[in-house]
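Since the structure comes first, as structure tokens, the remarks are kept for the end.
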Amino acid sequence: MKSLSQKQPWHPTALLMVLAVWLTTAGNLPLWLKVWQLPETQGFKALTTVGSLMLILLSMVSWLLLFLVWPKWLKPAGLVFMAVVTSSSYFMLTYNVVIDPSMIANVVQTDVREVRDLLSWRMLAALLLGVVLPGIWWWRQPVRQVKAKPLLLRQLGLFVLAWLMMFVFVWASFQDLASLMRNHTTLRYMANPFNSLYAVVRLSVGQASQAAKPLLPIGEDAKLLSAPASEKEAPLIVLVVGETVRAANFGLSGYARQTTPQLNQLKAQGDLVYFSDVSSCGTSTQTSLPCMFSHLGKTAYENSDQPYEGLLDVLQRAGLAVLWIDNQSGCKGVCSRIARFETQALKVPELCQDGECFDEVMLQELPKQLALLDPVKRAKGTVVVLHQMGSHGPAYYKRSPEAIKQFKPECKSSALQNCPVDQIVNGYDNSVLYADHFVSQTVKWLQAQPRPTALMYLSDHGESLGEKGLYLHGMPYRMAPREQTHVPMLAWVSKPMQQQRGWRMACLQAQADKPWSHDNLFHSMLDLSQVGTNLAKPELNIFAACAAAR
61 MKSLSQKQPW HPTALLMVLA VWLTTAGNLP LWLKVWQLPE TQGFKALTTV
111 GSLMLILLSM VSWLLLFLVW PKWLKPAGLV FMAVVTSSSY FMLTYNVVID
161 PSMIANVVQT DVREVRDLLS WRMLAALLLG VVLPGIWWWR QPVRQVKAKP
211 LLLRQLGLFV LAWLMMFVFV WASFQDLASL MRNHTTLRYM ANPFNSLYAV
261 VRLSVGQASQ AAKPLLPIGE DAKLLSAPAS EKEAPLIVLV VGETVRAANF
311 GLSGYARQTT PQLNQLKAQG DLVYFSDVSS CGTSTQTSLP CMFSHLGKTA
361 YENSDQPYEG LLDVLQRAGL AVLWIDNQSG CKGVCSRIAR FETQALKVPE
411 LCQDGECFDE VMLQELPKQL ALLDPVKRAK GTVVVLHQMG SHGPAYYKRS
461 PEAIKQFKPE CKSSALQNCP VDQIVNGYDN SVLYADHFVS QTVKWLQAQP
511 RPTALMYLSD HGESLGEKGL YLHGMPYRMA PREQTHVPML AWVSKPMQQQ
561 RGWRMACLQA QADKPWSHDN LFHSMLDLSQ VGTNLAKPEL NIFAACAAAR
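Take the position in the sequence shown, starting the count at 1, then add 60; the result is the number in the working numbering.
In structure tokens:
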């Protein structure tokens, strides 16, 4: 048996083609499983369609590698490609997600807590089979020394041949493939490694474009429409930004389980309005959070690469005290220019463990942080944003304390596909129960304040819990299921605030079933905060009809 040193060395281009075959086949396992399950890919004709698709992808992977990878960095580049396609394949197989710029943005913004939740033995096994074992073989292969000019000519020739092969196979099966891609758009985001490369480049270009442009101020004409006579008349408004809560599992939406019992009681008292038909701006925090605080609205926000200030900047410019308290992975730039506090450093025994705190820690910290704000601004009014950990997955069971849990058993695995659906839903519903508790406790705290108070609650996006094989969130918006875009929103207004504004709750209740979206938050918060600016659009203000009716 020959030793490693006696092995016939590989020509670098030949070894590169081995990598191309591996990436096309094993590296695209989620794509081939998905294609094989489609109704169009059954029978003999389907075999030719799948075969053509595989040859097209092999051609594309080949010309990509022939263009990018040369002997000097052949081995490390191969390991990078293995790691990229294995990680991408793992998440696509485990959660049935796709890889697009918003998903890569989520990865970039992920903090240590979220990474910890995603770790599992299944992920370790995937990395072992997809990176470690083939990587050891790859790294141990001897490579022949080849002169630069012949190597350049050979790779250039194969590069042209790969392009020609791709065009021939596309032409030969164009009708079948065009129909397949048109009917199943998710396939476009499943082709490794192009999905990840496209997403990274698209995200980087977008971020670089924004970074090169100055932040534009907005609402420079902002002012308070009425000055309170004293601090006791200055409003205190709390905006709770929910995390990953979908309307489908929200008790106030008519869900079969009562996941919002305390909010139901507040609604019965007449001071709370639940808005039943609300759409999110995006399917991830990275997209939705900046968008919902923007004056642009969803469509204009998505089409703009110009950075602007947001709602909180306008409120602060008008003279209000503005505070952001975060129990999540940051505010995505929304709170960069206002007073803010992050809970990660807190160590409250009954509320914090393993570097993560339950959302109630924000309410415990709130009085202390309010006292630190400028008293001159507090005397004019205060707006506080509480950014929840909410129902962030996949470790839903970590999002509610034991005393809250009503639905058992819960899924205790981050690999959700390993759990029965009812256990996944149990863990998720318990997290919604805790959101109900947290928001209700915040309302009770506001009721005890000697000033006009109000609260708005709005989730940033929804979640898939196994419907159609989908888990988590982050699907491209145009193909995302309603579970990821239909979100709960509610408003609670204290009696003193109702009297101060001249609002009748019956009028607000009349707005409850109208279609609203994240686009309405900016303009509704301006009205709730009594801030006037030319940016305000009454047609997008939830409270406008009631202000006109008083």
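Ideal Cβ positions, reconstructed from N, Cα and C, are used throughout, including at glycine.
Can you tell me which of the three DSSP states residue i falls into?
i: R262; result: helix
i: L275; result: coil
i: A251; result: coil
i: R438; result: helix
i: V591; result: strand
i: M535; result: coil
i: F582; result: helix
i: H546; result: strand
i: E599; result: helix
i: R400; result: strand
i: C606; result: helix
i: I116; result: helix
i: P72; result: helix
i: M61; result: Residue confidence is low: M61 scores 42 on pLDDT, short of 50, so the model does not pin down where it sits. Its coordinate-derived value is still stated next. In this structure, M61 counts as coil in the three-state DSSP scheme.
i: D386; result: strand
i: H497; result: helix
i: D365; result: coil
Given a cut-off of 9 angstroms, decide if residue j and residue i are closer than it, judged by their beta-carbon atoms.
i: A439; j: E291; result: yes
i: V301; j: L349; result: yes
i: G423; j: Q318; result: Looking at the sequence itself, residue 423 is Leu, so the reference to Gly does not match. No. Outside cutoff.
i: Q448; j: Q404; result: no
i: Q560; j: C606; result: no
i: S340; j: H546; result: yes
i: P575; j: V338; result: yes
i: C471; j: P461; result: no
i: V503; j: W552; result: yes
i: A232; j: N88; result: no
i: V382; j: A360; result: no
i: L375; j: S577; result: no
i: V110; j: W82; result: no
i: T245; j: P536; result: yes
i: L67; j: Q201; result: Before going further, note that residue 67 is Lys rather than Leu in the sequence given. Yes, the pair counts as a contact, with Cβ atoms nearer than the cut-off.
i: K135; j: V78; result: no
By Cβ distance below 8 angstroms, which residues in the same chain neighbour residue i in space, the five residues on each side in sequence not counted?
i: I464; result: N490, L493, Y494 and H497
i: G529; result: N156
i: L600; result: G357, D579, N580, F582, H583 and S584
Is there at least one Cβ from chain C nearer than 9 angstroms to residue i's Cβ?
i: R400; result: The structure shown contains no chain C; it holds only a single protein chain.
Note down the Cα distance separating residue i from residue j, rounded to an integer number of angstroms.
i: C636; j: L76; result: It is not possible to answer for residue 636, since the shown part of the chain is limited to 61 through 610.
i: H71; j: A80; result: 14 angstroms
i: A378; j: S354; result: 16 angstroms
i: G522; j: L126; result: 42 angstroms
i: G415; j: G342; result: 28 angstroms
i: A307; j: P548; result: 5 angstroms
i: Q322; j: L550; result: 13 angstroms
i: F219; j: M142; result: 21 angstroms
i: S277; j: G370; result: With the sequence shown as reference, residue 277 is identified as Pro, and Ser is not the correct amino acid for it. Rounded to the nearest angstrom, the two C-alpha atoms are 8 angstroms apart.
i: V192; j: R538; result: 37 angstroms
i: Q483; j: F401; result: 34 angstroms
i: D236; j: F229; result: 11 angstroms
i: L568; j: W384; result: 27 angstroms
i: L139; j: G195; result: 6 angstroms
i: I159; j: M152; result: 8 angstroms
i: S554; j: Y456; result: 32 angstroms
i: F467; j: L257; result: 41 angstroms
i: M183; j: I116; result: 29 angstroms
i: G487; j: Q477; result: 14 angstroms
i: F310; j: W197; result: 51 angstroms
i: S454; j: M163; result: The sequence as given places Pro at residue 454; Ser does not occur at that position. Near 15 angstroms, if we compare the C-alpha coordinates of M163 and P454.
i: T593; j: E280; result: 8 angstroms
i: K62; j: L113; result: With a pLDDT of 48 at K62, under the threshold of 50, the modelled position of that residue is not reliable, and the figure given next carries that caveat. Each residue's Cα considered, the two are about 39 angstroms apart.
i: K392; j: L98; result: 38 angstroms
i: P435; j: F418; result: 29 angstroms
Pop quiz: residue i and residue j are said to be a contact at Cβ under 8 angstroms. What is the actual Cβ separation, rounded to whole angstroms?
i: L178; j: S474; result: 6 angstroms
i: L299; j: V445; result: 5 angstroms
i: S148; j: N243; result: So it is not a contact: roughly 23 angstroms between Cβ atoms.
i: A282; j: G441; result: In fact, because the Cβ distance is near 13 angstroms, the residues do not count as touching under 8 angstroms.
i: S524; j: Q544; result: 6 angstroms
i: T84; j: L118; result: 4 angstroms
Identify, in the order they occur along the chain, each residue of the same chain with its Cβ nearer than 6 angstroms to the Cβ of residue i, setting aside the five sequence neighbours on each side.
i: P131; result: P72
i: G368; result: Note that residue 368 is Tyr in the sequence shown here, rather than Gly. Contacts found: L276 and I278.
i: R610; result: Here the model assigns R610 a pLDDT of 48, short of 50, so the residue's position is not dependable, and the following value carries that caveat. Hits under 6 angstroms: G562.
Quick one: does the C-beta of residue i sit closer than 8 angstroms to a heavy atom of the ligand MN?
i: N580; result: Here there are no bound small molecules, and the ligand MN is not part of this structure.
Return the chain-ordered list of same chain residues with a C-beta closer than 7 angstroms to the C-beta of residue i, the five sequence neighbours on each side being excluded.
i: H533; result: T304, T343, S344, H521, G522, E523, S524 and Q544
i: S65; result: Confidence in S65 is poor, its pLDDT being 48 and thus under 50, which makes the residue's placement unreliable; the coordinate value appears in the next sentence. Cβ neighbours of S65 beyond the five flanking positions: none.
i: Q509; result: L296
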